[in-house]
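In this note's numbering, the protein residues as written are -18 to 168.
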């Protein structure tokens, strides 16, 4: 069973939306003001298809086994984060009456991993580690000196994984009513 990591395309929208929801369920429900899974999936499918969205296929890479999406990486240049985030907020205001502001998650000069998710049926096969390695290689090829991500303060397993991979704590970011640790690694 070989894993192929490639740029996502619009045909990956439904699978990617499900993986995004699994990775960020609380945050997505907060965004749309509902804990309805179908509404959340619809929102994420739509966002995935938009080119200038945080969760766009343009910023996404999929891990495939026999052409089946088994993992997802959403990552981009931290410099464009605020513009993409503002586009998301405008969409949320229009479609979901979202009225909050969001804190920046990244910074200029950082290749930012916005989301990382692996299908539960394929966990334990190092797909997540391969996606992170892919992100690091991609960042280096594109002249980034650092890579960063957020991890839920209440997810010690993920924090241990990222620590083992060389990521270090830089600061705390609050999104909705939740605290996340911003971790960063020099490349």
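Glycine included, C-beta positions come from ideal geometry on N, C-alpha and C.
- Residues bridged to residue 54 (per DSSP): 42, 97
**Prompt:** What distance in whole Å lies between the Cβ atoms of residue -6 and residue 30, which are believed to be in contact at a cut-off of 8 Å?
**Reply:** 6 Å
Going by Cα to Cα distance, which pick from 104, 19, 66, -4 is closest to residue 32? 66
_Run through the DSSP bridge pairs and tell me what residue 167 is partnered with._
127
- Query: What residues match up with residue 133 in a beta bridge as DSSP calls it?
  - Reply: Residue pairing for residue 133: DSSP places it in a beta bridge opposite 161.
key: residue 119 - DSSP class collapsed to helix/strand/coil   = When secondary structure is reduced to three states using DSSP, residue 119 falls in the helix class.
Quiz prompt | Cross-strand partners of residue -13 (DSSP beta bridge) | solution = 43
Three-state class that DSSP yields for residue 152 in the structure shown = strand
Could you pull the DSSP bridge partners for residue 91 from this structure? 127
So, for residue 4: in the same chain, excluding its five sequence neighbours on each side, which residues have a beta-carbon less than 6 Å away from its beta-carbon? 96, 98
Touching or not, the stretch 39 to 48 and the stretch 17 to 28, by the rule of three or more beta carbon pairs under 8 Å?
-> no
- Task: Please report how far the alpha carbon of residue 159 lies from the alpha carbon of residue 86, in whole angstroms.
- Result: 13 Å
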